[in-house]
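Below is one structure, written out as structure tokens; the observations come after it.
Numbering (the numbering used here), first residue to last: -7 to 247.
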């Protein structure tokens, strides 16, 4: 394995949602000999790709990576408008609020606002997940045209999808039905699906001037929200995103 292969594999663990990793985590999850894992992590730390907590000895993405992510994801005017909405949602609910976009079949976190609740659901900017497995992803997919959806997933409804978790769509046809329902409801909800113990409500806007697509969501630990609480979060999110959509003249939210 080359050093670049190793770097890519370690970074993929963070892209999948890990906030911190121990030496043992990396060695086990990547099936690396301890000597190789140690050498790789030391080199990544030396070059600023990773930082190591002096107390826990766990590794997290370093300053160099953070700077690169910020440079590669410079906020657009749409992102700034979305951030204002996210701030209101997070302040009102106390929950973690996310702004994401769609990259092929994956969602990519662009911004995260931590809430005030003592229990938070944290995924760093740059994190990616399969769009089919999350409320955010399916909300974003609901804003695609049929041609755009078919270009991503094909036209065979029986085509299987990777298994993402409990109650996630297993085929393209099932995903299409879920997406159509979210399009009708204007909001997606997922609880204990791709991420056990985690729930989210999500909706999306699309700028008609340039086609930019953004998803906004509130994420929570499942035990934080009963059915009534989820309904309240869903209504609050829809009101805020609908107002943003009207400002953008997004036809979806003008109807």
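The beta carbon of each residue, even a glycine, is placed where N, CA and C say it ideally should be.
Under 9 Å between the Cβ atoms of residue 152 and residue 137?
-> One thing to note: residue 152 has its Cβ no nearer than 9 Å to the Cβ of residue 137.
Take every Cβ of the region 220 to 227, pair it with every Cβ of the region 97 to 111, and state whether three or more of those distances are shorter than 8 Å.
-> With the cut-off at 8 Å, the region 220 to 227 and the region 97 to 111 do not touch.
Take residue 97 and list the residues in its own chain whose beta-carbon comes closer than 8 Å to its own, dropping the five residues that flank it on each side.
-> Within its own chain, the residues whose Cβ lies closer than 8 Å to the Cβ of residue 97, once the five positions on either side in sequence are excluded, are 122, 123, 124, 144 and 145, listed in chain order.
By how many angstroms is the C-alpha of residue 237 removed from the C-alpha of residue 202?
-> For residue 202 and residue 237, the distance between alpha carbons rounds to 14 Å.
Please determine, among 183, 173, 227 and 241, the residue with the shortest C-alpha to C-alpha distance to residue 214.
-> Out of 183, 173, 227 and 241, 183 has the C-alpha closest to the C-alpha of residue 214.
To the nearest angstrom, report how far apart residue 76 and residue -4 are at their CA atoms.
-> Whole-angstrom Cα-Cα distance: 38 Å.
Under 9 Å between the Cβ atoms of residue 251 and residue 81?
-> Absent from the structure is residue 251, since the part of the chain shown begins at -7 and ends at 247.
May I ask you to list the residues that DSSP assigns as paired with residue 198?
-> Beta-bridge partners assigned by DSSP to residue 198: 205.
Residues in its own chain within less than 8 Å of residue 131 by CB, not counting five upstream and five downstream?
-> The answer, listed in chain order, is 174, 179, 180, 194, 195, 196, 207 and 209.
State the DSSP-derived secondary structure class of residue 8, mapped to helix, strand or coil.
-> The three-state secondary structure of residue 8, taken from DSSP, is coil.
Would you mind stating whether residue 198 and residue 244 have Cβ atoms separated by less than 9 Å?
-> It is a contact, given that the beta carbons lie within the stated cut-off.
Starting from the C-beta of residue 149, find all residues in its chain whose C-beta is less than 6 Å away, skip the five residues before and the five after it, and write them out in chain order.
-> The beta carbon of residue 149 sits closer than 6 Å to those of 164 and 165, all from its chain and outside the five residues before and after it, given in chain order.
Cβ shell of residue 87 (< 7 Å), same chain only, five flanking positions each side left out = These residues qualify, in order along the chain: 107, 109, 210, 211 and 212.
In three-state DSSP terms, what is residue 185?
-> If DSSP states are grouped into helix, strand and coil, residue 185 belongs with coil.
At what residue ranges does the region 12 to 99 contain a whole run of the alpha helix (DSSP H), taking only runs of 4 or more?
-> Runs found: 15 to 21, 26 to 38, 55 to 64 and 69 to 85.
On a CA-only basis, which of -2, 56, 92 and 161 is nearest residue 22? Give me that one, please.
-> Taking each of -2, 56, 92 and 161 in turn and checking the Cα distance to residue 22, the smallest one comes out for -2.
From the DSSP output, in three-state form, read off residue 162 for me.
-> Coil, per DSSP.
Cα separation between residue 39 and residue 47?
-> Take the alpha-carbon of residue 39 and the one of residue 47: they are about 21 Å apart.
Can you tell me whether DSSP reads residue 151 as helix, strand or coil?
-> In the structure shown, the three-state DSSP call for residue 151 is coil.
C-beta atoms of residue 116 and residue 234 nearer than 9 Å = Cβ distance not < 9 Å, so residue 116 and residue 234 don't count as in contact.
Rounded to whole angstroms, how far is the Cβ of residue 85 from the Cβ of residue 228, which I believe are closer than 8 Å?
-> That pair is a contact at about 7 Å.
In this structure, does DSSP put residue 240 in helix, strand or coil?
-> Residue 240: helix per DSSP, three-state reduction.
Residue of 127, 133, 177 and 216 minimising C-alpha distance to residue 157 | Comparing alpha-carbon positions, the option among 127, 133, 177 and 216 lying closest to residue 157 turns out to be 127.
Among residues of its own chain, excluding the 5 on either side of residue 167, which ones have a beta-carbon nearer than 8 Å to its beta-carbon?
-> If we look at residue 167 and ignore the five residues flanking it on each side, its Cβ neighbours are 124, 130, 133, 145, 153 and 161.
Assuming residue 159 contacts residue 185 (C-beta within less than 8 Å), just tell me the rounded distance between them.
-> Correct: roughly 5 Å between the Cβ atoms.
Return yes when the Cβ of residue 42 is within less than 9 Å of the Cβ of residue 51, no when it is not.
-> Yes. Within cutoff.
Using alpha carbons as the reference points, say which of 204, 28, -6 and 147 lies closest to residue 95.
-> Of the candidates 204, 28, -6 and 147, the one whose C-alpha sits nearest the C-alpha of residue 95 is 204.
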